[in-house]
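Protein chains in written order, with this note's numbering: chain D, 1367 to 1553; chain S, 278 to 1048.
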């Protein structure tokens, strides 16, 4: 197996790497690029601990081959906070004690952000079904769901404030980018 | 001197304790910076992989590793021969980490390789030739007790002859005699608890209910697979980075298995991605060390999810018989039980604890429990949250639910009538001190959930539960920094936010801000021996040691103030984060704050620190009562949990959010146990569902919000009244949900899990009997 050279973009930065054709995106992130924030809980797309966004679409990075991400945009947990400013979801997870051991937390945060980018007013049921692909064994999900709902509430408040100031502002954030053909790997 | 570090002092008013600050390790965990087991990497490290038996039971005739060794990039291949038996080591653990002559279960380690990368290591595994002779296997506990069952450890366990049991008077009748056979040799242990005379007691009963129950093995299901990185130098010095609940245990066990002095091995615990008891032993750690020793390079071993299911410890499956007799007014007059737990291929199923917990919630004059520890061709069981208790509670609380129904009594009232309280002689021996079962029952009865009107196909269940809580060996050090902040070194791994609780207790005791204390989990060379983070012991034991270490530090700081002021040490007291003259006779000095004392530490005698070491006792048991509402779809047998309430005694909740989190997490694990989770074995004895797709733990959309009530009946064994809370919460759910289903559709589930096909079959059975 000869290695493959890949040029991609991760968290807004252009990144180049080489990998074997049998390496998953998760392997590449963790073992080649030192981005160990995405976790491997199963390697089969069942636990969601490795969740990342690929061109705005939520995927399990363990089900994406490293060699096929050339030219795409990848968002991982490492890109969620801006400098020393936590993303509102990260802040709410802390305030709600929505983590115990913390191994599933990056995956939940990436998945929850993806939800709130599509829908900033989800019902509890919508949150629960959206996050059904992420396993947490510690919390019983209660505090995670509360943290996501509370974040959405704050986001709506601040969106209402800014739309009051700038009438032209959109009420709902649109999805970053629609998924390209073939981007659905988590089949 | 008003400060005596050894004087128990039950505090009831708090400033920091009971608040809900963000945890100190939180930012690292929400940004992906926290380093878990698989996140460590060393320069030049190799990838280690383990070859596992595809057979449930097989003689290993030969292992040929020559082709694997010849593969370019392979740096070491090991078998049991590379881990020779050391005098005094735990033979069962030794055999479990690497088969020696016989593979005892599907997934049993047989050989291991270390190679330059995972791709080469995978190829090397395929090149190892193992010649197996497949043997007959047994995976069911009742089957394993039969006389014609394949024997796992020939000659090891004395046969149990039920027909001539000398202490037959202490053994329950029906169930045991039914399975009676002349001799068994998969029975690794037999445990008997109880007092009074159940046979006489049953004669006073107006109603007697007895049934058989079965539960399947369930896995702890931590999301982080086992992972470690080992580095052994040619001089025998070794380091290990590992996700474990017990770094000191890992150090001592690995040293013993590999024939090393303990001082040669330093273990650094990583952040741990869940354990629930499953990370209280070693699996890959000695293998990684042996590989590194042979290869002369660091070796990282990370289990796959399938390996976690096949080769680490789930809990036991159980087969049980329970009989309870009651008077018309609901008073229990006698109770009897036989518990049979299989613990996989080695002795050590938690049947003893299951037996001790079975009737612990109740004040019984006549009670008897017999437990059998049975070996089968399954992976060696490991502790799982309140090991052994959820199964026996499932049977006992189910029988109690049926008695309440027969007597037309409220499910909480019948429990209140019989509840264990202070002074009750427990069914397993000790007399209870102050305990909170009655308080949990009363709070559950008063809760709004208990008053919600139920609709069609809906039902409500109630169950109570008990866990002992452990204490054990604990060391804590606290160091005063030059600026008056503090570094707190703990030896108990933080699984669910315990650092926050320790910082709160240290801040409370010193009268300073929570933010001024930083807690770290120390490596095994930096602190004395600490027992494993298990048995709900961390907040109790490390909390106790933290408070005592802080008191030690306060004595020293008062001494420095005395020196500065030129007054006797016992004329100084500590209050609100500062040293004060103890009274007007001591002199009129302005208080010296912790910052001022820290700044002058060097000039007044040197650095300041406090420490405390103890083999703690007095953990104080925690009781819980759960209430659950379910709705069953009579067409499919599918079930939805509508409402779930956990009421539990925490003694004193240090950080209430994380106490609630323990209640909620345990309840949902229990809901998984009762509804979905089970180990499926094929006819060939191999595990059929070694992945999260087929072994289905509850997902977010399976459960409702989990309501909680924290009851606080202070534990006199802890300065702040703390009881452990981590485990009790998984004890009641199995029976609680089963009782709710019974109330919804009139079907009593006595076999777990209550999967939709099973519920449907039971419903059809009821319909057929009515037709």
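All C-beta atoms, glycine included, are put in the ideal place defined by N, C-alpha and C. Small disclaimer: the values here were computed from a predicted structure and weren't measured.
query: Buried versus exposed, by CB contacts within 10 Å (16 or more), residue 1400 of chain D; result: exposed
query: Three-way DSSP call (helix, strand, coil) for residue 310 of chain S in this model; result: coil
query: Contacts of residue 974 of chain S in chain D (Cβ-Cβ under 7 Å); result: 1501 and 1503
query: Segment limits, beta strand (DSSP E) that includes residue 424 of chain S; result: That residue, residue 424 of chain S, is in no beta strand (DSSP E); it is neither H nor E in DSSP.
query: Residue 802 of chain S versus residue 540 of chain S - alpha carbon distance; result: 8 Å
query: Below-8 Å beta-carbon distance, residue 1377 of chain D vs any chain S residue; result: no
query: Inter-residue spacing [alpha-carbon to alpha-carbon] between residue 1024 of chain S and residue 725 of chain S; result: 26 Å
query: Residue of S:641, S:618 and S:969 minimising C-alpha distance to residue 472 of chain S; result: S:641
query: is_contact[residue 779 of chain S, chain D] using C-beta, thresh 8 Å; result: no
query: For residue 501 of chain S, the three-state DSSP class (helix, strand or coil); result: coil
query: Burial state of residue 1529 of chain D (16 or more Cβ within 10 Å); result: exposed
query: Chain S residues whose Cβ lies nearer than 7 Å to that of residue 1383 of chain D; result: Correct list: empty, because the minimum Cβ distance to chain S is about 15 Å.
query: Member of S:714, S:547, S:834 and S:919 whose CA lies at the smallest distance from the CA of residue 761 of chain S; result: S:834
query: The region 1031 to 1047 of chain S touching the region 699 to 715 of chain S, judged by at least three CB pairs closer than 8 Å; result: no
query: Among S:1007, S:988 and S:1005, the one whose alpha carbon lies nearest that of residue 998 of chain S; result: S:988
query: Nearest to residue 397 of chain S (by Cα), restricted to the options S:766, S:687, S:345 and S:387; result: S:345
query: Chain S contacts made by the region 1415 to 1441 of chain D, where a contact means CB separation under 9 Å; result: 1415
query: Cα-Cα separation, residue 514 of chain S to residue 528 of chain S; result: 13 Å
query: Reference residue 804 of chain S; option with closest CA among S:861, S:793 and S:822; result: S:822
query: Simplified DSSP state of residue 938 of chain S, which is helix, strand or coil; result: helix
query: Three or more C-beta pairs below 8 Å linking the region 294 to 301 of chain S and the region 917 to 934 of chain S; result: yes
query: Short CB-CB distance (under 8 Å) between residue 970 of chain S and chain D; result: yes
query: Complete runs of the alpha helix (DSSP H) confined to the region 708 to 754 of chain S [at least 4 residues]; result: 714 to 723
query: Residue 1038 of chain S versus residue 593 of chain S: straight-line alpha-carbon distance, rounded; result: 25 Å
query: Same chain, Cβ closer than 7 Å to residue 288 of chain S, neighbours up to 5 away in sequence not counted; result: 996 and 997
query: Residue of S:685, S:723 and S:742 minimising C-alpha distance to residue 712 of chain S; result: S:742
query: Limits of the unbroken beta strand (DSSP E) element including residue 850 of chain S; result: 849 to 852
query: Closer than 8 Å to chain D by CB, residue 295 of chain S; result: no
query: Contact check, residue 947 of chain S vs residue 884 of chain S, beta carbons under 8 Å; result: no
query: Nearest neighbour of residue 976 of chain S, chosen from D:1416, D:1493 and D:1383 [CA to CA]; result: D:1493
query: Sub-8 Å separation of residue 337 of chain S and residue 560 of chain S beta-carbons; result: no
query: Within 8 Å, strictly: CB atoms of residue 751 of chain S and residue 893 of chain S; result: yes
query: Bounding residues of the alpha helix (DSSP H) (the contiguous stretch that carries residue 1527 of chain D); result: 1508 to 1531
query: Within chain S, the residues that residue 1475 of chain D reaches when beta carbons sit closer than 8 Å; result: 307
query: Through-space distance from residue 757 of chain S to residue 873 of chain S, alpha-carbon basis; result: 11 Å
query: Beta-carbon spacing of residue 1029 of chain S, residue 492 of chain S below 8 Å; result: yes
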